[in-house]
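Quick notes on the structure that follows.
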Amino acid sequence: MLGEKTDVQWLLERLESQGSRPALIWDGQEVSYTALVTRVKGWLAELQKHSLTPGTSVALRGDYNPETCALLVALVLNRNIAVPLAPTVKTLKEFLEIAECDALFEFQGTELLGVTKLSPATQHPLNTWLKEQGVPGLILFSSGSTGRSKASLLDFEKMLRKFKKARAGSRTLTFLLLDHIGGINTMLHALTSGGTIIPLTERSPQSVCSTIEKHRVQLLPTTPTFLNMLLMSEAYRQYDLSSLEVITYGTEPMPAATLKHLHEVFPHIKLKQTYGLSELGILQTKSKDDASLWVKVGGEGYELKVIDNILWIRAESAMVGYLNAPSPFNDEGWFNTGDAVEVDGEYMRILGRKSEIINVGGEKVYPAEVESILLQLPNVTDATVVGRPSPITGNVVVAKVTVREPEDVSALTKRLRQFCRSRLDAYKIPVAVEVVEGRLHGDRFKKARVG
Numbered sequence: 005m006l007g008e009k010t011d012v013q014w015l016l017e018r019l020e021s022q023g024s025r026p027a028l029i030w031d032g033q034e035v036s037y038t039a040l041v042t043r044v045k046g047w048l049a050e051l052q053k054h055s056l057t058p059g060t061s062v063a064l065r066g067d068y069n070p071e072t073c074a075l076l077v078a079l080v081l082n083r084n085i086a087v088p089l090a091p092t093v094k095t096l097k098e099f100l101e102i103a104e105c106d107a108l109f110e111f112q113g114t115e116l117l118g119v120t121k122l123s124p125a126t127q128h129p130l131n132t133w134l135k136e137q138g139v140p141g142l143i144l145f146s147s148g149s150t151g152r153s154k155a156s157l158l159d160f161e162k163m164l165r166k167f168k169k170a171r172a173g174s175r176t177l178t179f180l181l182l183d184h185i186g187g188i189n190t191m192l193h194a195l196t197s198g199g200t201i202i203p204l205t206e207r208s209p210q211s212v213c214s215t216i217e218k219h220r221v222q223l224l225p226t227t228p229t230f231l232n233m234l235l236m237s238e239a240y241r242q243y244d245l246s247s248l249e250v251i252t253y254g255t256e257p258m259p260a261a262t263l264k265h266l267h268e269v270f271p272h273i274k275l276k277q278t279y280g281l282s283e284l285g286i287l288q289t290k291s292k293d294d295a296s297l298w299v300k301v302g303g304e305g306y307e308l309k310v311i312d313n314i315l316w317i318r319a320e321s322a323m324v325g326y327l328n329a330p331s332p333f334n335d336e337g338w339f340n341t342g343d344a345v346e347v348d349g350e351y352m353r354i355l356g357r358k359s360e361i362i363n364v365g366g367e368k369v370y371p372a373e374v375e376s377i378l379l380q381l382p383n384v385t386d387a388t389v390v391g392r393p394s395p396i397t398g399n400v401v402v403a404k405v406t407v408r409e410p411e412d413v414s415a416l417t418k419r420l421r422q423f424c425r426s427r428l429d430a431y432k433i434p435v436a437v438e439v440v441e442g443r444l445h446g447d448r449f450k451k452a453r454v455g
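Residue numbers (my numbering): 5 to 455.
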């Protein structure tokens, strides 16, 4: 039996209140909030037609467009458990089983390729519990870069609460994928503030810059890896990016050299670090200044503490739990983020994942620090630092780089090590260098740190 109906109706009322303002730009055309609401109501009827009642899990495979955004809003209003999946998802069958999906809606652009009805073999106690609360849910899968993807079950109504307060909207590029906590946050922030969502057909420096120029984008939420690609490509020189007011970056540590270069290229754009996790939601942040990696993290509903240089967080909006792993919360509700941090008064600097720290003879090496130095080396366009086992020191540092022009590997290694000697402690200097063809990141534009 469903619990008392939770108030998510305000979301529809907020969208309706925006009237003829543009909610999205799609295929070069503006889609008004009125038109979006019509689509939302159409999807509500479609859910009813397929007997997808409140509490059932519904997967949506696609990227941002008027139909996928409208369906996601409809799933919230219908109090379903939404399971957004990227078009590139490689483990579809496994994810559908873990999420106990009752249906899958697959899109190619705005075209609905089909609706597949499914029969979940089991009912996870957490899914059952959420259904009994009468609230909409959200299931997000981690990227699985350090092992098996974890399925986080969130209370969608709790996630929405922070958007109830009306804010000024921006013309926003949706760079982060729809299956990512940052992507969902971007979409909700834009739509609840009367902003305009501007989807991308391709996530390349040229496409991003072209879209910013064409549609006068004000806000670009992205990753440090992509921003480095943008700087190395110099695509920004070919386009008018004067409309851009804010660049937010997160999901991985920002190399200091990349941030410095970014600030030099875009001195009038506000650069803001973001911080969030699928398990906790997106926290409020305030960077010390545009060129600083020091940031205040927290906000209403969040408590923070640092134990042995690792950040722990307790959140009102924390997930209900994992569907395929034990609860990560301690008895008092604290979550170990696994992020190593330095603290200076109210500010902290995020050094990277504890699991990615390289232990060299008892000394800690943070990959982002070394990568920041390597990115300053002429001809190097990207760099990823990993640890390799060593019988003497336990691990040694190895650098994987991409280069602008072909270069002899032994000459590059010698030049790189010489460059690092005056800039890094000896144990942090890469002992070997691999030149990689292609990219050093995955589909989510995050470093792929595999040894």
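No residue lacks a Cβ here, since even glycine has one placed at the ideal position from N, Cα and C.
Keep in mind that this is a model prediction, so the values were computed, not measured.
Considering only the alpha carbon of each residue, which of the options lies closest to residue i?
{"i": "ASP293", "options": "MET233, PRO271, LYS121 and LYS94", "result": "PRO271"}
{"i": "VAL41", "options": "LYS276, PHE230 and LEU15", "result": "LEU15"}
{"i": "LEU266", "options": "GLY32, LEU234, ASP429 and LEU315", "result": "LEU234"}
{"i": "GLU101", "options": "VAL384, LEU327 and GLU373", "result": "LEU327"}
{"i": "LEU195", "options": "GLY23, TYR431 and VAL374", "result": "GLY23"}
{"i": "LEU79", "options": "VAL93, THR95, ASN69 and VAL62", "result": "VAL62"}
{"i": "THR255", "options": "GLY303, ASP312 and GLY186", "result": "GLY186"}
{"i": "LYS450", "options": "TYR68, PRO129, SER331 and SER146", "result": "SER146"}
{"i": "PRO129", "options": "SER331, GLN422, ARG83 and THR385", "result": "SER331"}
{"i": "GLN242", "options": "GLN210, LEU248 and HIS219", "result": "GLN210"}
{"i": "LEU297", "options": "ASP447, TYR351 and ALA344", "result": "TYR351"}
{"i": "SER282", "options": "ASP244, ALA239 and PHE339", "result": "PHE339"}
{"i": "ILE311", "options": "ALA344, GLU336 and ASN334", "result": "ALA344"}
{"i": "SER208", "options": "MET236, HIS184, MET191 and GLN222", "result": "MET236"}
{"i": "ALA49", "options": "ASP31, HIS184, ALA74 and ASN69", "result": "ALA74"}
{"i": "GLN127", "options": "ALA103, GLU110, LEU108 and ALA107", "result": "ALA103"}
{"i": "ASP11", "options": "ARG165, LEU108, THR60 and LEU275", "result": "ARG165"}
{"i": "ARG353", "options": "ALA295, ASP412 and THR60", "result": "ALA295"}
{"i": "LEU379", "options": "LYS97, LEU96, GLY337 and PHE423", "result": "PHE423"}
{"i": "TYR279", "options": "GLU268, SER291 and THR38", "result": "SER291"}
{"i": "PRO410", "options": "ASN383, ARG392 and PRO393", "result": "ASN383"}
{"i": "ASP244", "options": "LEU275, GLU268 and VAL212", "result": "VAL212"}
{"i": "SER394", "options": "ASN131, GLN52, PRO434 and ARG43", "result": "PRO434"}
{"i": "TRP47", "options": "PHE109, LEU96, GLU20 and ASN334", "result": "PHE109"}
Are the beta-carbon atoms of residue i and residue j separated by less than 8 angstroms?
{"i": "HIS54", "j": "LYS135", "result": "no"}
{"i": "VAL440", "j": "VAL405", "result": "yes"}
{"i": "CYS105", "j": "VAL87", "result": "yes"}
{"i": "LEU231", "j": "THR262", "result": "yes"}
{"i": "PRO259", "j": "ALA403", "result": "no"}
{"i": "GLN277", "j": "VAL299", "result": "yes"}
{"i": "PRO91", "j": "GLY66", "result": "yes"}
{"i": "VAL364", "j": "GLY325", "result": "no"}
{"i": "SER36", "j": "ARG18", "result": "no"}
{"i": "ILE273", "j": "SER247", "result": "no"}
{"i": "PRO124", "j": "ARG83", "result": "no"}
{"i": "GLY141", "j": "GLY173", "result": "no"}
{"i": "VAL401", "j": "VAL437", "result": "no"}
{"i": "ASN189", "j": "ILE286", "result": "yes"}
{"i": "TYR431", "j": "GLU367", "result": "yes"}
{"i": "ILE396", "j": "ARG427", "result": "no"}
So residue i and residue j are supposed to be a Cβ contact under 8 angstroms. How far apart are they, rounded?
{"i": "LEU381", "j": "PRO257", "result": "19 angstroms between Cβ atoms; not a contact."}
{"i": "LEU444", "j": "THR388", "result": "5 angstroms"}
{"i": "ARG175", "j": "ILE202", "result": "6 angstroms"}
{"i": "LEU81", "j": "THR72", "result": "LEU81 to THR72, Cβ: 15 angstroms. No contact."}
{"i": "SER197", "j": "ARG171", "result": "5 angstroms"}
{"i": "PHE160", "j": "VAL139", "result": "7 angstroms"}
{"i": "THR385", "j": "ARG421", "result": "About 19 angstroms; that fails the 8 angstroms criterion."}
{"i": "HIS219", "j": "ILE29", "result": "5 angstroms"}
{"i": "LYS459", "j": "SER321", "result": "With the chain represented from 5 up to 455, any question about residue 459 goes unanswered, as that position is not in the structure."}
{"i": "ASN69", "j": "GLY113", "result": "6 angstroms"}
{"i": "MET323", "j": "LEU157", "result": "6 angstroms"}
{"i": "VAL269", "j": "TYR240", "result": "7 angstroms"}
Of all the beta strand (DSSP E) runs that stay within the bounds of the segment 366-401, which reach a length of 3 or more residues?
-> Listed in chain order, the complete beta strand (DSSP E) runs (minimum 3 residues) inside the segment 366-401 are 367-369 and 384-394.
Count the C-beta pairs between the segment 349-365 and the segment 316-335 that are closer than 8 angstroms, then say yes if the count reaches three, no if not.
-> No, the segment 349-365 does not touch the segment 316-335.
Report yes or no: do three or more beta-carbon pairs, one from the segment 172-180 and one from the segment 224-240, lie closer than 8 angstroms?
-> Yes, since at least three Cβ pairs between the segment 172-180 and the segment 224-240 fall closer than 8 angstroms, the two stretches touch.
The segment 126-140 in contact with the segment 294-307 per 3-pair CB rule at 8 angstroms | No, they do not touch.
Length at least 3, wholly inside the segment 211-256: the beta strand (DSSP E) runs in chain order | Along the length of the segment 211-256, whole beta strand (DSSP E) runs at least 3 residues long occupy 223-226 and 250-253, reported in chain order.
Could I get the ranges of all uninterrupted beta strand (DSSP E) runs contained in the segment 54-122, with 3 residues as the minimum, in chain order?
-> Look at the segment 54-122 and you find these whole runs of beta strand (DSSP E), each 3 residues long or longer: 61-65, 85-89, 107-112 and 115-121.
Contiguous beta strand (DSSP E) assignments of at least 3 residues, all confined to the segment 21-59 = You should have 26-30 and 33-36.
Could you give the uninterrupted runs of the alpha helix (DSSP H) lying entirely in the segment 413-455, keeping only those of 4 residues or more?
-> Whole alpha helix (DSSP H) segments, 4+ residues: 413-425.
Pick out the complete beta strand (DSSP E) segments inside the segment 277-365, 3 residues or longer, and give them in chain order.
-> Annotation: the segment 277-365 contains the following complete segments of the beta strand (DSSP E) (minimum length 3 residues), in chain order: 279-281, 285-291, 299-302, 306-311, 314-319, 339-348, 351-357 and 362-364.
Length-filtered (4 minimum) alpha helix (DSSP H) runs lying within the segment 161-190 = Those alpha helix (DSSP H) runs which fall completely within the segment 161-190 and span 4+ residues do not exist here.
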